[in-house]
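Novice:
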Amino acid sequence: MSFLSLSFATPLMLAALVILPAIWWLLRFIPPRPREVAFPPLRLLLALRREDEKPQTSPWWLTALRLAIAACVILALSGPAYDPQSRPERSRGPLVLVVDNGWPSAQSFDLRKAAIDRDIEAAIEANLPVLLVATSLGSDQSFRPQAATEARERLRGLAPEAFIPDRRDIAAPLMRALQDIPDANLIWYSDGLANGEARAFANMLAGALPARRLTLVEDPSLTPLILGTAANGAEALEVPVMRAGTIAPVSGSLRAFDVRGRSIAAAPFTVEARSDKTTARFALPVELRNDIFRIEIDQSRTAGSVQLLDDRWRRRTVGLLAGAADFDNPLLSPLFVLSHALRPFADTRLTNANGTGPSIGEFLDQNVAVIVMADVSAIPTDIQPRLDRWIKNGGVLVRFAGTRLANQRGDPFMPVKLRQTTRVLGGTLSWEQPQSLGRFTPASPFAGMAIPDDVTINRQILAEPDPDLPGKTWVELTDGTPLVTAETRNAGHIVLVHVTADPNWSNLPLSGTFLEMLRRMIVLSSNSGAQDRLTQGETLLAPLRLLDASGRSVGATPLAKPIPAAAIGKTLVSRDNPPGIYGREEAFRALNAVQAGDQFTSLPGDLLPPGVFRRDYGGHRETPLASWFLVAAAALFLVDALLVLMMSGLWRGRRPLAAATALIALGIVPLLLASIEPASAQISRQRGQRAPQPPLSAATPEDTFALNAANRTRLAYVITGITEIDDISRQGLTGLSRTLAERTSLEPAEPVGVDLARDELAFFPLLYWPIDARVDKPSPAAISRADQFMKNGGTILFDTRDQSASRPAARGGIDTPGLVKLREILKGVDVPELEVVPADHVLTKSFYLLTAFPGRFDDGPLWTEKTAPNPTGAKRPVRIADGVSPLLITTNDVAGAWAVDARGNPLLPTYGESPRQREMALRSGINIVMYLLTGNYKSDQVHVDDILQRLGQ
1 MSFLSLSFAT
11 PLMLAALVIL
21 PAIWWLLRFI
31 PPRPREVAFP
41 PLRLLLALRR
51 EDEKPQTSPW
61 WLTALRLAIA
71 ACVILALSGP
81 AYDPQSRPER
91 SRGPLVLVVD
101 NGWPSAQSFD
111 LRKAAIDRDI
121 EAAIEANLPV
131 LLVATSLGSD
141 QSFRPQAATE
151 ARERLRGLAP
161 EAFIPDRRDI
171 AAPLMRALQD
181 IPDANLIWYS
191 DGLANGEARA
201 FANMLAGALP
211 ARRLTLVEDP
221 SLTPLILGTA
231 ANGAEALEVP
241 VMRAGTIAPV
251 SGSLRAFDVR
261 GRSIAAAPFT
271 VEARSDKTTA
281 RFALPVELRN
291 DIFRIEIDQS
301 RTAGSVQLLD
311 DRWRRRTVGL
321 LAGAADFDNP
331 LLSPLFVLSH
341 ALRPFADTRL
351 TNANGTGPSI
361 GEFLDQNVAV
371 IVMADVSAIP
381 TDIQPRLDRW
391 IKNGGVLVRF
401 AGTRLANQRG
411 DPFMPVKLRQ
421 TTRVLGGTLS
431 WEQPQSLGRF
441 TPASPFAGMA
451 IPDDVTINRQ
461 ILAEPDPDLP
471 GKTWVELTDG
481 TPLVTAETRN
491 AGHIVLVHVT
501 ADPNWSNLPL
511 SGTFLEMLRR
521 MIVLSSNSGA
531 QDRLTQGETL
541 LAPLRLLDAS
551 GRSVGATPLA
561 KPIPAAAIGK
571 TLVSRDNPPG
581 IYGREEAFRA
591 LNAVQAGDQF
601 TSLPGDLLPP
611 GVFRRDYGGH
621 RETPLASWFL
631 VAAAALFLVD
641 ALLVLMMSGL
651 WRGRRPLAAA
661 TALIALGIVP
671 LLLASIEPAS
681 AQISRQRGQR
691 APQPPLSAAT
701 PEDTFALNAA
711 NRTRLAYVIT
721 GITEIDDISR
731 QGLTGLSRTL
741 AERTSLEPAE
751 PVGVDLARDE
761 LAFFPLLYWP
771 IDARVDKPSP
781 AAISRADQFM
791 KNGGTILFDT
801 RDQSASRPAA
811 RGGIDTPGLV
821 KLREILKGVD
831 VPELEVVPAD
841 HVLTKSFYLL
851 TAFPGRFDDG
861 PLWTEKTAPN
871 PTGAKRPVRI
881 ADGVSPLLIT
891 TNDVAGAWAV
901 DARGNPLLPT
911 YGESPRQREM
921 ALRSGINIVM
931 YLLTGNYKSD
941 QVHVDDILQR
951 LGQ
């Protein structure tokens with residue numbers, strides 16, 4: 001319930017205000033004040049009179065004070081909240097609510113329903129009928145106003161759908177309804193996207209109602225991230241990540257799952273500011289990429305943030321066919337070389353059929369994705385139509401040269417015309433030397449590959465000169481002659497390699513380049529086999545498993561209709577065909593909510609005419625007032641107590657009065673602090689403001705900054721510009737500084753944030769630098785200052801804080817998004833050779849005896865400068881010099897484990913098996929600080945006996 005700018009969570013509690021008159025009647029009397037009479041007995045006896053004692057009437061202002069206390073308590077229990085949001089001027093006509101309930105609204109649909117419910121509540125209070133229209137239901141819904149309570153019941157059953165509705169479907173019936181109720185007020189709860197014919201729908205509204213009776217509800221912050229169509233490239237599976245807004249940078253990660261729901265890998269992404277698209281890459285072996293069935297955006301719950309992959313993205317099946325078998329050298333035969341070269345990334349099939357035509361027919365019956373022919377000269381005419389259809393549907397025909405193919409004429413399955421002779425290079429009767437690879441053309445799938453130095457071509461078949469030859473050439477030799485040519489036919493390709501598939505004409509088949517070329521040719525196929533089986537054997541694909549609007553997998557619904565097998569690639573997602581899997585378990589096709597070529601844009605600012613009221617979903621604007629009413633009630637109660645004491649005569653004398661004043665102060669001040677502090681924090685969070693910084697900051701004038709930094713030992717952190725990261729850094733170093741003061745002789749002052757480009761760094765022994773993929777790389781000048789700081793004896797603790805997002809690295813070990821960003825930052829910096837902190841390093845015993853350095857995560861290592869061998873022959877020195885490592889690197893989020901609030905309580909949870917993980921994190925921090933301040937004093941021989949005794953050796 002709301003009144004003006006106030007709303008009440010429990011409005012029924014306001015009914016208690018009716019008892020205030022009864023409270024007035026009860027509180028208007030107070031006991032009579034005792035009379036003061038002098039003690040002399042005679043005077044007392046003379047003054048005795050018999051009178052009827054009557055209660056004394058309470059002063060009106062005291063009764064009003066007590067009524068105010070009761071009213072404050074009742075108002076606090078009713079859950080009041082203040083919303084300064086203005087309301088548009090409207091007529092007293094019905095309220096029309098148009099709700100976009102496609103998948104873009106799924107992630108925040110509860111928030112959207114709460115906003116709609118508030119407007120329906122206002123209609124109930126005003127006794128107005130309500131017409132609730134959902135864009136996903138089209139014309140299959142009622143367009144007549146109904147009681148507001150009935151509209152609320154319908155709202156409770158409203159759910160988002162797994163497609164983007166076309167708003168034109170409701171335009172005509174809604175227009176007719178608005179003509180019947182010309183005094184209506186319309187509120188459009190938009191999903192924030194212009195997709196779904198928003199412009200045409202807005203024009204219809206502008207022509208049906210005056211602008212002053214239109215309200216557009218939108219919130220760009222609720223627009224979800226969108227996952228585009230995946231592309232299984234030669235190096236990685238690439239997935240575009242899109243959004244409709246381009247204001248602030250956004251970072252996150254994608255996660256890939258197999259068909260059983262097991263996680264395979266994660267891929268980070270960052271959409272830069274003023275950009276609406278980026279690409280995430282799963283740089284995995286092809287065997288793992290072929291197992292990916294589902295890709296989704298972490299922490300995003302919409303159908304548009306999910307991509308389902310069928311066998312079109314998986315391992316290809318390749319049929320191998322040779323013109324003749326080499327019985328003398330079977331290990332060097334083309335079939336043997338090709339089958340072993342393709343084995344890591346494709347399933348190969350051989351045929352037992354007799355003849356070229358039956359062999360090709362058998363491959364087509366098996367629905368292979370690629371057919372590789374080694375020196376096959378003639379393709380029978382009876383199989384040519386089927387082979388041509390197969391290629392046009394996405395198949396790839398790869399042909400290798402040979403003596404048979406060199407003598408063939410008029411073959412329709414050749415990309416170029418061939419000369420009838422072969423070119424011999426480096427032979428006894430040849431003046432030409434063997435050729436090497438010249439270049440991979442930019443338009444070929446081999447673009448970007450390294451050109452090998454050890455591949456030589458001794459013999460080849462030549463193509464006839466033709467104007468189209470340069471456009472069909474993928475690989476050239478150093479003399480410019482083609483080595484690989486290709487032709488595109490609809491969705492398929494015909495590729496010709498102008499040398500044999502065995503080592504007779506070149507050593508190319510024995511090189512790693514040959515394997516990569518085969519792999520890139522195989523992934524060109526968009527026909528993985530199941531497509532032919534589906535289109536030839538079935539006419540309709542029944543829904544198998546579908547996605548709901550939140551991206552969850554659900555069973556097929558009765559409303560979902562089958563899709564023609566031949567049209568699965570052209571079917572638009574709709575209420576009849578939701579996104580999901582269609583077909584059978586052994587042969588299915590994926591229909592995704594976001595398809596190839598889809599573009600998403602936000603609602604333009606000129607969508608509706610001037611005068612239209614705009615607001616957001618408003619949940620964050622309300623300010624709870626219950627605590628303020630409780631504080632007011634407590635304060636009035638203490639004032640009442642003081643007044644009663646004064647009226648009872650106990651106010652005389654300074655001590656009672658001072659005690660009463662102290663009582664009031666002690667009662668009011670904590671209540672005010674308890675109420676104001678959360679309110680201030682809430683307002684700061686709502687406005688996105690940074691928490692107050694310590695007095696010493698980068699904004700302090702240089703002289704004051706230097707003076708304050710030099711007078712006290714302080715720990716420092718690098719300001720990233722992201723509020724939550726900087727706050728945790730400050731609170732983490734604060735927690736570590738307090739622990740150092742409690743357990744060691746060091747009493748550091750409050751930590752300070754520094755700007756690398758402006759502040760002097762030499763005052764600080766430790767600089768904590770949190771790395772985040774969302775933060776732009778610092779300027780070269782800032783990186784140079786950090787490099788100079790490390791060279792002058794300072795130490796920087798780099799913390800990527802993302803051990804949970806670790807993934808296998810291509811070069812071995814693990815990678816995280818933060819480590820990738822850190823490498824980018826340190827590129828060009830003179831970084832020493834690093835190693836994981838060994839068991840006998842001084843860091844493990846500078847204060848505590850440690851074996852690991854955990855933070856919020858406990859499985860990431862701590863990297864330090866690698867120690868050089870000891871020339872004296874000792875097993876391992878701690879350090880040759882008395883210095884320390886210039887940099888330390890961790891992924892464990894140590895500041896998050898150190899972070900405490902004003903009362904010293906931990907702010908963030910830890911993720912590990914040990915219940916003492918936070919304590920061990922603090923000990924790790926103490927060891928690091930002691931190591932930085934004292935160097936390698938623990939390596940001195942004077943300490944060896946004590947250390948060995950504690951180690952039990």
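Residue 953 is where the sequence shown ends in the UniProt record's numbering, and the numbering goes up by one at each step.
Quick reminder that beta carbons are idealized off the backbone N, C-alpha and C, glycines included.
Since we're looking at a predicted model, the values are computed, not measured.
Just to confirm before moving on: does the CB-CB distance between V594 and I226 stay below 7 Å?
Specialist: yes
Novice: Pick from P412, P434 and L405: whose alpha carbon is nearest that of Q420?
Specialist: L405
Novice: Starting from P285, trace the alpha helix (DSSP H) in both directions and tell me its first and last residue.
Specialist: Neither: P285 is in no alpha helix (DSSP H) and is coded neither H nor E.
Novice: Can you tell me where the beta strand (DSSP E) with M242 in it begins and where it stops?
Specialist: L237 to M242
Novice: Under a Cβ-count criterion, where at least 16 other Cβ atoms within 10 Å of its own Cβ denotes burial, should K570 be classed as buried or exposed?
Specialist: exposed
Novice: Between R156 and T149, what straight-line distance do the alpha-carbon atoms span, to the nearest angstrom?
Specialist: 11 Å
Novice: At 3 residues or longer, and completely inside the region 750-833: list those beta strand (DSSP E) runs for me, N to C.
Specialist: 752-754, 766-770 and 795-799
Novice: I'd like to check one pair, A762 with S779: are the Cβ atoms closer than 7 Å?
Specialist: no
Novice: Round the Cβ separation of G245 and N185 to the nearest angstrom and send it over; I've been treating them as touching at under 8 Å.
Specialist: That pair is no contact at about 29 Å.
Novice: To the nearest angstrom, report how far apart E125 and V554 are at their CA atoms.
Specialist: 40 Å
Novice: On the DSSP bridge assignment, give the partners of N185 in chain order.
Specialist: L95
Novice: Quick one, are the C-beta atoms of G304 and F363 less than 7 Å apart?
Specialist: no
Novice: To the nearest angstrom, how far is the alpha carbon of P624 from that of Y768?
Specialist: 38 Å
Novice: For the 8 Å Cβ check, are there 3 or more pairs between the region 214-233 and the region 594-606?
Specialist: The answer is yes - the region 594-606 touches the region 214-233, with three or more Cβ pairs under 8 Å.
Novice: Mapping DSSP to helix, strand and coil, what is S108?
Specialist: coil
Novice: With burial defined as no fewer than 16 other Cβ atoms inside 10 Å of the residue's Cβ, what is the status of V286: buried or exposed?
Specialist: buried
Novice: Just confirm the distance between the C-beta atoms of T441 and E476, as a whole number of angstroms; I'd bet it's less than 8 Å.
Specialist: 7 Å
Novice: Assuming Y717 is part of the beta strand (DSSP E), what are its boundary residues?
Specialist: A716 to V718
Novice: Beta carbon of T795, beta carbon of P854: below 7 Å?
Specialist: no
Novice: Looking only at its chain, what residues have a beta carbon closer than 7 Å to the beta carbon of G860, apart from the 5 residues adjacent to it on each side?
Specialist: Q803, T890, T891 and N892
Novice: Three-state secondary structure (DSSP) at L12?
Specialist: Secondary structure of L12 (DSSP, three-state): helix.
Novice: Classify Y381 as buried or exposed, calling it buried when 16 or more other Cβ atoms lie within 10 Å of its own Cβ.
Specialist: Reading off the sequence, residue 381 comes out as Thr, not Tyr. Counting Cβ neighbours within 10 Å, T381 comes out exposed, since fewer than 16 surround it.
Novice: Leaving aside the five residues before and after V455 along the sequence, list all residues of the same chain whose C-beta is less than 8 Å from its C-beta, in chain order.
Specialist: S436, L437, S506, N507, L508, S511 and T513
Novice: What number of angstroms, rounded off, separates the C-alpha of A378 from the C-alpha of L515?
Specialist: 27 Å
Novice: Count the other CB atoms within 10 Å of the CB of K113; is the residue buried (16 or more) or exposed (fewer)?
Specialist: buried
Novice: Measuring straight from C-alpha to C-alpha, what distance separates A542 and P562?
Specialist: 4 Å
Novice: Could you name the residues that DSSP lists as bridge partners for S574?
Specialist: None, per the DSSP bridge assignment.
Novice: Going residue by residue through the region 375-432, where are the continuous alpha helix (DSSP H) segments of at least 4 residues, counting only ones entirely within it?
Specialist: 384-392 and 403-406
Novice: Under the DSSP definition of a beta bridge, which residues are partnered with residue 1004?
Specialist: In this structure the chain extends from 1 to 953, so residue 1004 is not present and cannot be described.
Novice: Given that a residue counts as buried once 16 or more other Cβ atoms are within 10 Å of its Cβ, and exposed if not, what is L12?
Specialist: exposed
Novice: So, at 8 Å on beta carbons, what are the nonlocal neighbours of I722 in its own chain, with the 5 sequence-adjacent residues on each side left out?
Specialist: D772, R774 and V775
Novice: Nearest CA to the CA of T734: which residue from P578, I719 and P751?
Specialist: P751
Novice: Should H498 be labelled buried (16 or more other beta-carbon atoms within 10 Å of its own) or exposed?
Specialist: By the 10 Å Cβ count, H498 comes out buried.
Novice: How many angstroms separate the CA atom of V718 from the CA atom of L822?
Specialist: 14 Å
Novice: Quick check on P220: does DSSP put it in helix, strand or coil?
Specialist: helix
Novice: Report, in whole angstroms, the separation of the C-beta atoms of L65 and V644, which I expect to be a contact under 8 Å.
Specialist: That belief does not hold up - the Cβ atoms of L65 and V644 are roughly 10 Å apart, past 8 Å.
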